[in-house]
Amino acid sequence: TTLVPLPLPSTQYADSDSGSDVDESELRRQLLKDKWRQLFDKYDPEGFGEIPWDDFVEVLKTPEFVNEVTPNKRDILVERAQDRKTSAITFQDFVNVMSGKRSRS
654 TTLVPLPLPS TQYADSDSGS DVDESELRRQ LLKDKWRQLF DKYDPEGFGE IPWDDFVEVL
714 KTPEFVNEVT PNKRDILVER AQDRKTSAIT FQDFVNVMSG KRSRS
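Remember, the working numbering sits 653 above the position in the sequence shown when you count from 1.
The structure is reproduced here in structure tokens:
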């Protein structure tokens, strides 16, 4: 008997499907959120999903944070810390700043 190679799965659908752009951007957004989750979690060891503002102000000065976060984003976070409306920054607020969503809800 002769073995006939099976065709490899086609990736053509990824190029022709207009929905793939949405999927790819969602994937990128999720990967970025995971990156910010890792950074945030280093300073939220209890895993409460928030960091008290006094602690977060110190986090903003750490070399790792300075290297990972652009000066513009750090300025926004400092502004939030100075204009405290809550006792802590939540992970969602942090991600909103990092992704460019500046709503103050």
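Just so it is clear, CB atoms sit at the ideal spot from N, CA and C, and this is done for glycine as well.
Closest residue to residue i among the options (Cα-Cα distance)
{"i": "residue 706", "options": "685, 716, 753 and 738", "result": "738"}
{"i": "residue 690", "options": "702, 724, 753 and 733", "result": "702"}
{"i": "residue 745", "options": "681, 685 and 656", "result": "685"}
{"i": "residue 713", "options": "700, 680 and 729", "result": "729"}
{"i": "residue 740", "options": "687, 704, 698 and 731", "result": "704"}
Proximal residues to residue i (C-beta, below 7 angstroms), its chain only, five neighbours per side dropped
{"i": "residue 710", "result": "734"}
Cβ-based burial, residue i [other Cβ within 10 Å; buried from 16]
{"i": "residue 722", "result": "buried"}
{"i": "residue 635", "result": "This structure does not reach residue 635, given that the chain is present from 654 up to 758, and the question cannot be answered."}
{"i": "residue 708", "result": "exposed"}
{"i": "residue 736", "result": "exposed"}
{"i": "residue 676", "result": "exposed"}
{"i": "residue 687", "result": "exposed"}
Contacting residues, own chain, Cβ-Cβ under 6 angstroms from residue i (five flanking each side not counted)
{"i": "residue 693", "result": "744 and 747"}
{"i": "residue 742", "result": "704 and 709"}
DSSP-derived helix/strand/coil call for residue i
{"i": "residue 732", "result": "helix"}
{"i": "residue 724", "result": "helix"}
{"i": "residue 698", "result": "coil"}
Contact set for residue i: own chain, Cβ-Cβ below 8 angstroms, skip 5 residues either direction
{"i": "residue 726", "result": "750 and 751"}
{"i": "residue 717", "result": "692 and 695"}
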